[in-house]
Amino acid sequence: MTSQRPSADGSPDRDVLSRLLTSAAALLFDFDGPVTRFFHHYDTRPIAREIKALLLERGVSLPAHVQASEDSHGLLHLLRSEVFTADDPGPEEQKTLELAEGIVTRHEYQAALGAVPDEHVGALATELSRLGKRLAIVSNNAEGPVRAYLERVGLDGMFTPVLGRDPYELRHMKPDPHRVRTAVHHLGLKAADCLLVGDQPTDLEAARTAGTPFLGYARSEAVADQMRREGAIWADISLLPLLRAASQLTGPN
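With the numbering used here, letter number 41 in the sequence shown gets 532, and the count goes up by one each step, no holes.
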C-alpha cells in the first residue's frame with residue numbers, strides 16, 4: 492500500500508484511513524507521543540547525566556558517541572547494544588544495566604504525575620473500541636509508569652496489553668521489533684492485521700521489521716513527510732483525522 496500525503500487543503504484522504512481502520516483488527520500505540528507527550532515538561536538531559544555518573548562510579552568507559560548522548564532512553568539502548576554487548580552479560584554488567592534502567596524508570600514515574608493526554612487520544616480510543624478494535628501499547632517506557640499514567644488520566648482498561656521496556660533485556664527496545672511481535676502474539680493476530688501508531692523513526696523501523704503497517708503521528712510536517720518517504724502508510728501532525736475517520740465508521744452488530 493502506498494503512503495498517504497494530505498491533500499491540498501491539509502486534510503488526508505479519509506477514504507484511505509477508513510479502509511485502514513476497517514481492515515485492521517487492532518491498533519498498537521506507542522506511548523510517548525501518540526498517547527501523551529510524556530516528557531514534554533520534564534528535561535531528560537539530567538537523567539542521561541545521572542546514568543553517566545553511575546557508569547563513571549562503576550568504572551565503565553564509554554565510547555565518545557555514547558558519552559555524548561543526552562537522550563536517556565537512547566543511552567539505555569546504546570549501553571546494551573554497544574557497551575555491554577554479550578548475549579549473557581556477567582553479573583556486574585547486568586547489575587549496571589539494571590541500575591541504569593532503574594534511574595530512567597524512577598524519572599518516568601515522576602513524569603507520569605504531570606503528563607497530560609494528547610487532546611484526541613481519549614476520544615479516539617473510545618471510537619476504536621466502539622468499532623471493536625483491540626488496542627495495545629508498545630512502549631520504550633517502563634510498564635509501571637505507563638500503567639500509573641493511564642490509571643491517573645482514566646485510560647486504564649482501554650489498552651490491553653500494555654507492553655513496556657523489558658528491564659532485563661534492553662536490546663528489545665524499539666527499533667527492535669520484539670515488543671511489537673509480542674503484542675501481536677498476545678492479541679492472537681497476524682502482524683499485517685494490526686496498525687502501529689508511532690511518532691519516532693524507531694517506531695517505523697520496528698513496525699516495518701515486524702510486518703505491521705505504520706501510521707505516523709509527527710510533530711511537524713517535515714517529520715511527517717520523512718515518515719511517508721520511509722514507508723508510513725499515513726502520517727499527520729494530529730490524531731484528529733484518524734478520530735474523524737473512526738467516527739464515521741459503523742461498529743460491529
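Where is the CB? At the ideal position from N, CA and C, for every residue including glycine.
Small disclaimer: the values here were computed from a predicted structure and weren't measured.
- Counting only the Cα atoms, ARG549 lies some 30 Å from HIS532.
- For ASP521, the closest of HIS556, ARG510, LEU687 and ALA709 by C-alpha to C-alpha distance is LEU687.
- Fully contained in the region 633-686 are the following alpha helix (DSSP H) runs of length 4 or more, in chain order: 634-643 and 669-678.
- Put simply, the backbone Cα of LEU546 is about 7 Å away from that of THR587.
- For THR527, the three-state secondary structure derived from DSSP is strand.
- Bridge pairing for ARG625: ALA517 [DSSP].
- For ALA713, the uninterrupted alpha helix (DSSP H) segment begins and ends at 712-720.
- Take the alpha-carbon of PRO658 and the one of THR596: they are about 9 Å apart.
- Note: GLY689 is bridge-paired with GLY707 in the DSSP secondary-structure output.
- The beta carbons of PRO668 and THR700 sit closer together than 7 Å.
- PRO582 carries a helical assignment under DSSP once its states are collapsed to helix, strand and coil.
- As the crow flies, the alpha-carbon of ASP578 is around 18 Å from that of LEU590.
- It is roughly 20 Å from the alpha-carbon of ASP647 to the alpha-carbon of ARG670.
- Pairing PRO636 with ALA603 gives a Cβ-Cβ distance under 7 Å.
- A distance below 6 Å between beta-carbons, with the five flanking residues on each side excluded, links ALA516 to the following residues of its chain, in chain order: LEU680 and ASP684.
- Excluding five sequence positions before and after LEU519, the CB atoms of its chain that fall closer than 6 Å to its own CB belong to ALA627, VAL629, ALA674, CYS685 and LEU687, given in chain order.
- Burial check for TYR708: the Cβ neighbour count within 10 Å reaches 16 or more, so the residue is buried.
- In the structure shown, PRO608 adopts extended strand secondary structure according to DSSP, grouped into three states.
- Taking C-alpha positions only, ARG505 is separated from LEU678 by approximately 27 Å.
- LYS665 is a Cβ neighbour of ALA697, given a cutoff of 7 Å.
- Linking SER729 to GLY613 through their CA atoms gives a straight-line distance of about 13 Å.
- The C-beta of GLY742 has fewer than 16 other C-beta atoms within 10 Å across all chains shown, which makes the residue exposed.
- Per DSSP, the unbroken alpha helix (DSSP H) holding ALA555 starts and ends at 555-558.
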